[in-house]
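Peer 1: Going by this note's numbering, 565 is the number at position 553 of the sequence shown; the sequence numbering is gapless. Where a beta carbon is used, it is the ideal one built from N, C-alpha and C, also for glycine. Encoded as C-alpha cells, here's the structure I'll be asking about.
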Amino acid sequence: MDPTGIIVFTTVGRSHYGFDVFSVKLPSNLNQTITEDWTNHQLTDGVSINFNGQFVDEDETLVYISERTGSARIYLNRAGISKSEQLPSVSESLFLWSAVYSTNLDDGKSKTVRLTPYGAVDYSPAVSQSGKFIAVASYEFRPWKGEFQELETDIVVFRDSDPTRRTVVCKNGGWPTWSGDSTIFFHRKADDGWWSIFRVDIPENFEISGESEVCRRITPPGVHAFTPAASHDGKRIAVATRRRGINFRHVEIFDLESESFYKVTECLNPNFHHYNPFFSPESGFLGYHRFRGESAQGELTIPNIDPVISPVKELRMFRLNGNFPSVSADGNLIAFNPDFHLGLGVKIVRSDGSKSWTVMKDRMAFGVSWSPTENNVIYSSVGPIFQSAKTAVQIARISFDPKHLDDDDREEIPAEVKILTREDSGNNAFPSCSPDGKHLVFRSGRSGHKNLYIVDAVNGEFNGEIRQLTEGPSIDTMPTWSPDGKLIAFSSNRHNPDDVAIFSIYVISPDGTNLRRVHLAGPEGSEQVDKERINHVCFSPDSKWLLFTANLGGVSAEPVSIPNQFQPYGDLYIARVDGSELKRLTWNGYENGTPAWHSAGDLDMGCLSLKTNNVGQKLRGQFEEPLWITCDL
Numbered sequence: 013m014d015p016t017g018i019i020v021f022t023t024v025g026r027s028h029y030g031f032d033v034f035s036v037k038l039p040s041n042l043n044q045t046i047t048e049d050w051t052n053h054q055l056t057d058g059v060s061i062n063f064n065g066q067f068v069d070e071d072e073t074l075v076y077i078s079e080r081t082g083s084a085r086i087y088l089n090r091a092g093i094s095k096s097e098q099l100p101s102v103s104e105s106l107f108l109w110s111a112v113y114s115t116n117l118d119d120g121k122s123k124t125v126r127l128t129p130y131g132a133v134d135y136s137p138a139v140s141q142s143g144k145f146i147a148v149a150s151y152e153f154r155p156w157k158g159e160f161q162e163l164e165t166d167i168v169v170f171r172d173s174d175p176t177r178r179t180v181v182c183k184n185g186g187w188p189t190w191s192g193d194s195t196i197f198f199h200r201k202a203d204d205g206w207w208s209i210f211r212v213d214i215p216e217n218f219e220i221s222g223e224s225e226v227c228r229r230i231t232p233p234g235v236h237a238f239t240p241a242a243s244h245d246g247k248r249i250a251v252a253t254r255r256r257g258i259n260f261r262h263v264e265i266f267d268l269e270s271e272s273f274y275k276v277t278e279c280l281n282p283n284f285h286h287y288n289p290f291f292s293p294e295s296g297f298l299g300y301h302r303f304r305g306e307s308a309q310g311e312l313t314i315p316n317i318d319p320v321i322s323p324v325k326e327l328r329m330f331r332l333n334g335n336f337p338s339v340s341a342d343g344n345l346i347a348f349n350p351d352f353h354l355g356l357g358v359k360i361v362r363s364d365g366s367k368s369w370t371v372m373k374d375r376m377a378f379g380v381s382w383s384p385t386e387n388n389v390i391y392s393s394v395g396p397i398f399q400s401a402k403t404a405v406q407i408a409r410i411s412f413d414p415k416h417l418d419d420d421d422r423e424e425i426p427a428e429v430k431i432l433t434r435e436d437s438g439n440n441a442f443p444s445c446s447p448d449g450k451h452l453v454f455r456s457g458r459s460g461h462k463n464l465y466i467v468d469a470v471n472g473e474f475n476g477e478i479r480q481l482t483e484g485p486s487i488d489t490m491p492t493w494s495p496d497g498k499l500i501a502f503s504s505n506r507h508n509p510d511d512v513a514i515f516s517i518y519v520i521s522p523d524g525t526n527l528r529r530v531h532l533a534g535p536e537g538s539e540q541v542d543k544e545r546i547n548h549v550c551f552s553p554d555s556k557w558l559l560f561t562a563n564l565g566g567v568s569a570e571p572v573s574i575p576n577q578f579q580p581y582g583d584l585y586i587a588r589v590d591g592s593e594l595k596r597l598t599w600n601g602y603e604n605g606t607p608a609w610h611s612a613g614d615l616d617m618g619c620l621s622l623k624t625n626n627v628g629q630k631l632r633g634q635f636e637e638p639l640w641i642t643c644d645l
C-alpha cells in the first residue's frame, strides 16, 4: 500500500528567489552610452519563479521554465498573447536522472521525444544555428562521482536526426552554446582557479573520429565567467561574471575580436544577481533572469506554505518558508526555525499557512520537535549549528499558553524557555519526543563524540535521568522517535567513522538493542551505498515508512548556474523501514531537506491560496552566490 498524508519540508533559499525573465534591446555599437533602449523589459508575469529562458524569434517570443504549478515546467510566451502556454511535460524524467528531450513548437502537436539514451546523463542542451546538431554537457554512461561544484561532464555532440551517434568533442566542460554549426563555447574551471569560457571548433563536415583536444581559453584570468551564450554571428558571447570588488553576479558581453568585456546589467541593476544570459536569434535582444525587485509586477510576498507537486498520488507536499518543521499533535500548527543562521529562534504557523507567531526570539536555535501529547510544548536546540562536539548547545523546552493563538493581532507569544541539559555537557541538539511525551532522544557531544542520549522530557538531566543510547567514534545525529514508540531512526557515519561527509540511516530500539543500518533497495540506492549522504530522517504516522533527504539521484542541474546550495543534490525520498520500495519525491537543482510527515488529515487547499491576501514574508531576494565561487575573490 502506498504511503499517504502530508509532507512539509524546506528548500534552501528557494522561497526568496522571486525570479523573472528580463531582456534588453542591444545597440549595434556596444561602445554606445547607456540609453533608454537598455531599459529592462520584464518578459514574465511575476507568478512563482521563472528562469532559464530562450528566445524563439526577434519578437521576443519566449520559452522558459516556471514553477507556478508546483514543480518546474516549460512555458511559451508568444508575442502579443498575455497568457502563458504550458508545453507538454515529460513525466518519466521528472524524478529520475537528467535527460534531454525535444519538443516541436511548429507542428501544432508539440510531440516530445527523448534524445538522451537510457543510462546516460545529460545537462544543459544547446541547438546549433541550423537546428541539425545538439550539444550537451554529459556524464555519458559514467556514474556520478559525488562532486557538487564543477561537474566532471564532457561536451557531447549528436545530430538531431540520429541522437544515438554521440561524439565527445571536449573533455571537462559544461553549459555549451553554439556559434553556427561548427563552433561551441562552454565553461569550465581553468587550472589557475578561474571559471572561464573555452572554445572548440568542429570540422564543417562534422566528420569527427574521436574527441577533439583543440579547445582554447577565451576569457582571461582575473574574472569568473560562466554560462555562455553565443551571438548569431559568432562575434560576441554573453556571459555571467563575478568580479573582485563586485558583490553581485552580472551579465557582460565579451567581444571576441577586441577581447573586451562590455558591461550590461551592472549599469542597469547594480544590486541584483543576474543569471544565464541568452541572445535572440539575430542578437537584437539579450535575455537573462534575476530577482524581480520590490517594484516589479507580480508576487511580492512569500507565502508561509506553498504547494509542491508530489509523484505519489496519496501524498501531498508543501514547501515551508522556514527550517526544521514539526507538526503539533492535533495537526493544526507547525513549529519551525525561521533562520537559524541569524538566531531568530522558533516560530509557529497555522497548518494552512494563514498566520504565524514568534514563540522564542533573540536566540540561535535549530531543530524543533513538538510534544506528541501537549499542543503547547515545543523542544529545540539552542546555540550555533554545525559546530564541534564540545561547543555549548543546549536542549530547550518551550511552553506557551494556547489561548494567545486566538489573537490574530498578536505577532509574538510569551513563552517559558526551560533548559534541559547542563551547560558544560557540550553540543546537545536535535531533540525528538517519545510518543508518550515522557522522554527525549537527542544528540550530544558530552563524551567527545556525537552520540545519542535519552533524557526526561520535563526535567531534563537535572533529576539524574539520562541514558546513553549509542556510543563510539561515529557521528550519530538527527534522531527521530517512531510514532508507535518501537524504534528510533537517525543518521550516522558509523559504517565509516573516518568520513565525516557520508551518512546512512540507522535504527535502534529505545532500550539500546537491535541497532542496524537501513540498506536502501532500489535502482538509485543500490549503486550509491558507498556515497550515501542521508539526513533529516523521520517516520510516517503509521511508523511503516521513512522520509529523508538524500543524494541518491546525483546532481539535477549545473550548480554554477543557480544561487548557493550547500548540498545541491538534496532531494526527498521515502522507503519502507526495511529499506525496500525506495521512491523519489523531489527533482530539482535545490537543496530540499528537513522534512516532516504531517500527522493530521486533509488541509483546506483553498486556504493555501494566500498570495492575494499578502500573508507571509515580504519578498526581498535574499540569496547568495555559491560560496565556492566567492571564497577566493
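Consider the C-beta atom of residue 604 and the heavy atoms of the ligand NAP; say whether any pair is separated by less than 7 Å.
Peer 2: Ligands in the displayed structure: none, and consequently the ligand NAP is not present.
Peer 1: Can you check DSSP and say which residues form a bridge with residue 199?
Peer 2: On the sequence shown, position 187 is the one that residue 199 refers to. Answer is 186 and 209, bridged to residue 199.
Peer 1: So, with DSSP's three-state summary, where would you put residue 599?
Peer 2: Here the question's residue 599 lines up with position 587 in the sequence shown. Of the three classes helix, strand and coil, the one that applies to residue 599 here is coil, per DSSP.
Peer 1: Applying the criterion that 16 or more other CB atoms from any shown protein chain within 10 Å of the CB defines a buried residue, is residue 236 buried or exposed?
Peer 2: Locating residue 236 in the sequence shown gives position 224, counting from the first residue. Buried, by the Cβ-count rule.
Peer 1: Using only the alpha-carbon positions, how far apart do residue 442 and residue 413 sit?
Peer 2: Along the sequence shown, one-based indexing puts residue 442 at 430. Along the sequence shown, one-based indexing puts residue 413 at 401. The alpha-carbon atoms of residue 442 and residue 413 are separated by roughly 24 Å.
Peer 1: Leaving out five residues before and five after residue 228 in sequence, what residues of the same chain have Cβ atoms less than 6 Å from its Cβ?
Peer 2: Walking along the sequence shown from the start, residue 228 turns up at place 216. So the qualifying residues of the chain are 211.
Peer 1: Could you say if the region 299 to 314 and the region 346 to 366 meet the contact criterion of at least three C-beta pairs nearer than 8 Å?
Peer 2: The answer is no - the region 346 to 366 does not touch the region 299 to 314, with fewer than three Cβ pairs under 8 Å.
Peer 1: Would you call the CB atoms of residue 191 and residue 246 closer than 8 Å?
Peer 2: Walking along the sequence shown from the start, residue 191 turns up at place 179. Walking along the sequence shown from the start, residue 246 turns up at place 234. Yes, they are a contact pair.
Peer 1: Tell me which same chain residues have a C-beta within less than 7 Å of the C-beta of residue 98, skipping the five on either side of it?
Peer 2: Here residue 98 refers to the residue found at position 86 when the sequence shown is read from its first residue. Here the set comprises 85 and 87.
Peer 1: Taking the alpha carbon of residue 543 as the reference point, which residue from 324, 514 and 329 has its own alpha carbon closest?
Peer 2: Here residue 543 refers to the residue found at position 531 of the sequence shown. Of the candidates 324, 514 and 329, the one whose C-alpha sits nearest the C-alpha of residue 543 is 514.
Peer 1: If we call anything under 8 Å between Cβ atoms a contact, is residue 147 one with residue 100?
Peer 2: By 1-based counting over the sequence shown, the position of residue 147 is 135. By 1-based counting over the sequence shown, the position of residue 100 is 88. Not in contact: residue 147 and residue 100 (Cβ atoms no closer than 8 Å).
Peer 1: Short of 7 Å in beta carbon distance, which residues of its chain neighbour residue 110, apart from the five on each side in sequence? Order them along the chain.
Peer 2: For the purposes of this step, residue 110 is taken as residue 98 along the sequence shown, with counting starting at 1. Excluding residues within five positions, the ones whose Cβ falls inside 7 Å are 133, 134, 135 and 568.
Peer 1: Using DSSP bridges, identify the partner residues of residue 636.
Peer 2: Here the question's residue 636 lines up with position 624 in the sequence shown. According to DSSP, residue 636 bridges with nothing at all.
Peer 1: Unbroken beta strand (DSSP E) runs of length 3 or more, entirely within the region 544 to 572: which are they?
Peer 2: As far as the region 544 to 572 is concerned, its whole beta strand (DSSP E) runs of at least 3 residues are 547 to 551 and 557 to 562.
Peer 1: How about residue 366 and residue 360: do their beta carbons lie closer than 8 Å?
Peer 2: Residue numbering aside, residue 366 sits at position 354 when the sequence shown is read from its first letter. Residue numbering aside, residue 360 sits at position 348 when the sequence shown is read from its first letter. No, they are not a contact pair.
Peer 1: Give me the Cα-Cα distance between residue 504 and residue 486, rounded to the nearest whole angstrom.
Peer 2: The residue labelled residue 504 in the question sits at position 492 within the sequence shown. The residue labelled residue 486 in the question sits at position 474 within the sequence shown. So the alpha carbons of these two residues sit roughly 7 Å apart.
Peer 1: Since residue 55 and residue 38 are thought to touch, with beta carbons under 8 Å apart, how far apart are those beta carbons, to the nearest angstrom?
Peer 2: For the purposes of this step, residue 55 is taken as residue 43 along the sequence shown, with counting starting at 1. For the purposes of this step, residue 38 is taken as residue 26 along the sequence shown, with counting starting at 1. That belief does not hold up - the Cβ atoms of residue 55 and residue 38 are roughly 15 Å apart, past 8 Å.
Peer 1: Does residue 214 pass the burial test, meaning 16 or more other C-beta atoms within 10 Å, or should it be called exposed?
Peer 2: Working through the sequence shown from its first residue, we reach residue 214 at position 202. Residue 214 comes out buried.
Peer 1: Which of helix, strand or coil does DSSP assign to residue 27?
Peer 2: Indexing the sequence shown from 1 puts residue 27 at position 15. Helix.
Peer 1: Indicate whether the contact test is met: 3 or more Cβ pairs, each with one atom in the region 326 to 343 and one in the region 13 to 28, closer than 8 Å.
Peer 2: Enough Cβ pairs lie closer than 8 Å, so yes.
Peer 1: Should residue 632 be labelled buried (16 or more other beta-carbon atoms within 10 Å of its own) or exposed?
Peer 2: On the sequence shown, position 620 is the one that residue 632 refers to. It counts as exposed.
Peer 1: How about residue 637 and residue 571: do their beta carbons lie closer than 8 Å?
Peer 2: As a working mapping, residue 637 is identified with position 625 in the sequence shown. As a working mapping, residue 571 is identified with position 559 in the sequence shown. Cβ atoms of residue 637 and residue 571: not closer than 8 Å.
Peer 1: Let's see if you can read the secondary structure: which residues bound the beta strand (DSSP E) around residue 445?
Peer 2: Within the sequence shown, numbered from 1, the residue matching residue 445 stands at position 433. Start and end: 440 to 445.
Peer 1: According to DSSP, is residue 642 helix, strand or coil?
Peer 2: Stepping through the sequence shown from its first residue, residue 642 is reached at position 630. Residue 642: helix per DSSP, three-state reduction.
Peer 1: So, at 6 Å on beta carbons, what are the nonlocal neighbours of residue 62 in its own chain, with the 5 sequence-adjacent residues on each side left out?
Peer 2: For the purposes of this step, residue 62 is identified with residue 50 of the sequence shown, where counting begins at 1. Excluding positions up to five away in sequence, the list reads 31, 32, 33, 56, 76 and 78.
Peer 1: Quick check: the Cα distance between residue 159 and residue 581, rounded to an integer number of angstroms?
Peer 2: On the sequence shown, position 147 is the one that residue 159 refers to. On the sequence shown, position 569 is the one that residue 581 refers to. If you take the alpha carbons of residue 159 and residue 581, they lie about 10 Å apart.
Peer 1: Let's test the definition: count the other Cβ atoms within 10 Å of the Cβ of residue 26 and tell me whether it reaches 16, buried, or not, exposed.
Peer 2: In the sequence shown, counting from the first residue as 1, residue 26 sits at position 14. Residue 26 is buried by the Cβ-count criterion.
Peer 1: What residue ranges within the region 37 to 102 form continuous beta strand (DSSP E) runs of no fewer than 3 residues, ordered along the chain?
Peer 2: Listed in chain order, they are 62 to 67, 74 to 78 and 85 to 89.
Peer 1: With DSSP as the reference, label residue 519 as helix, strand or coil.
Peer 2: Residue 519 sits at position 507 when you count from the first residue of the sequence shown. It is a strand residue.
Peer 1: In angstroms with no decimal places, state the Cα-to-Cα distance between residue 342 and residue 35.
Peer 2: Counted from its first residue, the sequence shown places residue 342 at position 330. Counted from its first residue, the sequence shown places residue 35 at position 23. Those two C-alpha atoms are separated by around 49 Å.
Peer 1: Any idea which residues DSSP pairs residue 299 with across the strands?
Peer 2: Along the sequence shown, one-based indexing puts residue 299 at 287. Its beta-bridge partners are 35 and 290.
Peer 1: Closer than 8 Å is the cut-off here; do at least three beta carbon pairs connect the region 271 to 286 with the region 595 to 603?
Peer 2: The region 271 to 286, when compared against the region 595 to 603, does not touch it at the 8 Å Cβ threshold.
Peer 1: Taking the alpha-carbon of residue 117 as reference, which of 450, 480, 68 and 549 has the nearest alpha-carbon?
Peer 2: The sequence position of residue 117 within the sequence shown is 105, counting from 1. When only C-alpha atoms are compared, the closest one is 68.
Peer 1: Relative to the alpha-carbon of residue 449, which residue among 484, 395, 387 and 419 has its alpha-carbon at the smallest distance?
Peer 2: On the sequence shown, position 437 is the one that residue 449 refers to. It is 387 whose Cα lies nearest to the Cα of residue 449.
Peer 1: On the DSSP bridge assignment, give the partners of residue 227 in chain order.
Peer 2: Translated into positions along the sequence shown, residue 227 becomes position 215. Per DSSP, 212.
Peer 1: Alpha carbon to alpha carbon, how far is residue 363 from residue 283? Give it in angstroms, no decimals.
Peer 2: In the sequence shown, counting from the first residue as 1, residue 283 sits at position 271. In the sequence shown, counting from the first residue as 1, residue 363 sits at position 351. If I take the Cα positions, the gap works out to 35 Å.
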